[in-house]
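Encoded as structure tokens, the structure appears first; notes follow it.
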Amino acid sequence: MKLNLKIWRQENKDAQGKFENYNIDNIHGDMSFLEMLDVLNNQLVEENIEPVEFDHDCREGICGMCSLQINGEPHGPDRRITTCQLHMRRFKDGDTITIEPFRANAFPVVRDLAVDRSAFDRIQQAGGYISVNTSGNTQDANSLPIQKENADMAFNAATCIGCGACVAACKNASAMLFTSAKVSQYALLPQGKVEATERVLNMVDQMDKEGFGNCTNTGACEIECPKGISLENIARLNREYLSASLKG
Amino acid sequence: MGGIKTSIARKVAMALSGLFLVLFLLQHFTINFTSVVSPDTFNEISHFMGTNFLVQAVLQPILIFGVIFHFVMGFILEAKNRSARSVKYGVYNGGANASWMSRNMLISGAVVLAFLGLHFYDFWVHEMQVKYLEGDMTGLNQAGEFRYYEETVAKFAGQPIRVGLYVIAFVFLMLHLLHGFASSFQTMGVNNKYSSAIKKFTKAFAIVIPLGFAFVAIFHFINH
Chain Z
3 MKLNLKIWRQ
13 ENKDAQGKFE
23 NYNIDNIHGD
33 MSFLEMLDVL
43 NNQLVEENIE
53 PVEFDHDCRE
63 GICGMCSLQI
73 NGEPHGPDRR
83 ITTCQLHMRR
93 FKDGDTITIE
103 PFRANAFPVV
113 RDLAVDRSAF
123 DRIQQAGGYI
133 SVNTSGNTQD
143 ANSLPIQKEN
153 ADMAFNAATC
163 IGCGACVAAC
173 KNASAMLFTS
183 AKVSQYALLP
193 QGKVEATERV
203 LNMVDQMDKE
213 GFGNCTNTGA
223 CEIECPKGIS
233 LENIARLNRE
243 YLSASLKG
Chain Y
601 MGGIKTSIAR
611 KVAMALSGLF
621 LVLFLLQHFT
631 INFTSVVSPD
641 TFNEISHFMG
651 TNFLVQAVLQ
661 PILIFGVIFH
671 FVMGFILEAK
681 NRSARSVKYG
691 VYNGGANASW
701 MSRNMLISGA
711 VVLAFLGLHF
721 YDFWVHEMQV
731 KYLEGDMTGL
741 NQAGEFRYYE
751 ETVAKFAGQP
761 IRVGLYVIAF
771 VFLMLHLLHG
781 FASSFQTMGV
791 NNKYSSAIKK
801 FTKAFAIVIP
811 LGFAFVAIFH
821 FINH
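Written out as structure tokens, the structure reads:
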């Protein structure tokens, strides 16, 4: 199929970006979206034009590296997939596809479509861990009985790959779904109870410092999340935060 | 409001003030509806509400504070949210993943705020003038009868533009409540097995109460 690509080009985070139009041919429906961009970049190199920079790694929907706002939606029009799992059969011959970076002040553009999502790392570092004795006497995690329902909810929260689609989809550029998933995966397990108060206060504090917006419960993050992280986690984050605030 | 510094604390303050205003709406609608079924009852309740010390000196200031707090905090949050994405998307398909109501609470809230200006001018300013500037706390007209019902009816009878504006405002109030009421429970941390029932109840409330307000205005427009 033939496509018209309208792609955001930006030299670096301080440069003024703009959309550029590229025509591309011989795109097969079985190609992934990233493979289509590979074809475009080969074409651009042959034309002595700087290739389009975009993030990618595993190309299996696991690593959370690929991003891209495609026709106004993070990871494109399909649900529960990342950009690398989006296939070109989803588009029609002659379509114009607008491709932009995930936009949020907390995710500055590195170049073209690649953004710096290290704000997520700093939120995680603020409390998204448990302190474990690793001196050789580490207790077997399976020795602690955990209710199946809680184990399942904790696992579901832990499937967040930190891709940033929640921020990209949110009209407020809020990181509440990400932060809530990282808080929930510990809050639901006995190993996470010990540092629960400090964890939620520090992670929310870091989230605010990074400049993300406030959650207004539109639910866009849950819809666009490739792993289907539930809004229940945001309610749990709110409960954990209120409880921790009262404890001081 | 300067003391409420974190994003979640601001959200919770917004939710609590919203829930308080929802309770007020229920009380306001209940009184309004008596004007349809029993003018005498409407007069009695209006006189009680308009002259009772607790209502006038305590509840009324709390209500006014609640209204101002909700709107000011709403604008503060909106400004902060907009500043979190200074470069806007070229294409943003917001309708693909969120309802219009949830994405446009500022618009529906601003319309309700504008309506409150009109509503205060129509009723509250007049009441303050009669009771506290002229010092007439009797609630009676020149014929020696309660004035509340006839004054309310006079605002709508033969007043199609005012009735139209009120109905439009109630539609926007409905849109505001359709998202805001259920959303406040999520913000308070309630998302469990009762959430489905809460969503159904809040949806019913969000539709019935504004339609009820509109019905009262249209009823007096048609019947007088």
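Those protein sequence lines, which keep their order, are chains Z and Y.
If you're matching positions, the first sequence starts at 3 in this note's numbering and goes up one per residue.
If you're matching positions, the second sequence starts at 601 in this note's numbering and goes up one per residue.
Just so it is clear, CB atoms sit at the ideal spot from N, CA and C, and this is done for glycine as well.
- Proximity of ARG762 (chain Y) to chain Z, defined by a Cβ-Cβ separation below 7 Å, is not satisfied.
- The Cβ-Cβ distance between PHE104 (chain Z) and SER69 (chain Z) falls below 7 Å.
- If you draw a 10 Å sphere on the C-beta of ARG201 (chain Z), you find 16 or more other C-beta atoms in it, and that means buried.
- For PHE801 (chain Y), the secondary structure class from DSSP, reduced to helix, strand or coil, is helix.
- By the C-beta density criterion, PHE56 (chain Z) is buried, having at least 16 other C-beta atoms within 10 angstroms.
- Look at the beta carbons and you see the stretch 58 to 69 of chain Z touching the stretch 83 to 97 of chain Z: at least three pairs across the two are nearer than 8 Å.
- The Cβ-Cβ distance between SER783 (chain Y) and ASN216 (chain Z) does not fall below 7 Å.
- Taking 7 Å as the cut-off, the Cβ atoms of TYR692 (chain Y) and GLY74 (chain Z) count as close.
- Contact annotation for ILE608 (chain Y) against chain Z: VAL206, ASN240, TYR243 [CB-CB distance below 7 Å, chain order].
- ARG201 (chain Z): member of the alpha helix (DSSP H) spanning 198 to 211, first to last residue.
- For MET178 (chain Z), same chain residues with a beta-carbon under 6 Å away, outside a window of 5 residues either side, are CYS217, ILE236 in chain order.
- ALA171 (chain Z) reaches chain Y at ASN697, counting residues in chain order whose Cβ is nearer than 7 Å.
- One alpha carbon belongs to GLY166 (chain Z), the other to ARG124 (chain Z), and they sit about 14 Å apart.
- Closest option to LEU190 (chain Z), judged by alpha-carbon separation, among Z:ARG241, Z:THR100, Z:ARG92: Z:ARG241.
- THR100 (chain Z) sits in a strand when the DSSP states are folded into three classes.
- Of all alpha-carbon atoms in Z:ALA183, Z:GLY19, Z:LYS195, the one lying nearest the alpha-carbon of ARG238 (chain Z) is that of Z:ALA183.
- Contact of GLY213 (chain Z) with chain Y by beta-carbon distance below 9 Å involves SER683, ALA684.
- Listed in chain order, the non-local C-beta contacts of PHE669 (chain Y) below 6 Å within the same chain comprise SER617, local neighbours out to five positions each way being set aside.
- Every beta strand (DSSP E) stretch that sits fully inside the stretch 14 to 96 of chain Z and reaches 3 residues is listed by chain position as 20 to 26.
- When C-beta distances to chain Y are compared with 9 Å, the residues of the stretch 4 to 36 of chain Z below that value are LYS8, TRP10, GLY19, PHE21, in chain order.
- Shown here is that no member of the stretch 38 to 53 of chain Z has a Cβ falling below 8 Å from a Cβ of chain Y.
- Linking ASP207 (chain Z) to ILE604 (chain Y) through their CA atoms gives a straight-line distance of about 13 Å.
- Under a criterion of Cβ atoms nearer than 7 Å, no residue of chain Y is adjacent to ILE83 (chain Z); the nearest Cβ is some 14 Å distant.
- If you ignore the 5 residues before and after MET38 (chain Z), its C-beta comes within less than 8 Å of the C-beta of LEU5, ILE26, ILE29, MET90, all in its own chain and listed in chain order.
- When Cβ-Cβ separations below 7 Å define contact, LEU677 (chain Y) makes contact with chain Z.
- Of all alpha-carbon atoms in Y:SER699, Y:LEU718, Y:LEU623, the one lying nearest the alpha-carbon of CYS172 (chain Z) is that of Y:SER699.
- Under the Cβ distance rule, THR100 (chain Z) counts among the residues neighbouring chain Y, one pair being separated by less than 7 Å.
- The beta carbons of SER708 (chain Y) and PHE772 (chain Y) sit closer together than 7 Å.
- DSSP places ARG113 (chain Z) in the uninterrupted beta strand (DSSP E) bounded by 111 to 113.
- Taken atom to atom, the span from the alpha-carbon of GLY78 (chain Z) to that of THR199 (chain Z) is near 37 Å.
- Fully contained in the stretch 699 to 732 of chain Y are the following alpha helix (DSSP H) runs of length 4 or more, in chain order: 700 to 703, 705 to 719, 725 to 728.
- Proximity to PHE756 (chain Y) across Y:ARG610, Y:VAL636, Y:MET788, Y:LEU619 peaks at Y:VAL636, based on C-alpha coordinates.
- The beta-bridge partner set that DSSP reports for ALA116 (chain Z) consists of Z:ARG113.
- In terms of Cα proximity to GLN149 (chain Z), the closest of Z:THR181, Z:PRO53, Z:LYS249, Z:PRO192 is Z:PRO192.
- Only exposed fits ASP736 (chain Y), as fewer than 16 other CB atoms lie within 10 angstroms of its CB.
- Across the stretch 791 to 804 of chain Y, CB contacts with chain Z closer than 7 Å involve ASN791, in sequence order along the chain.
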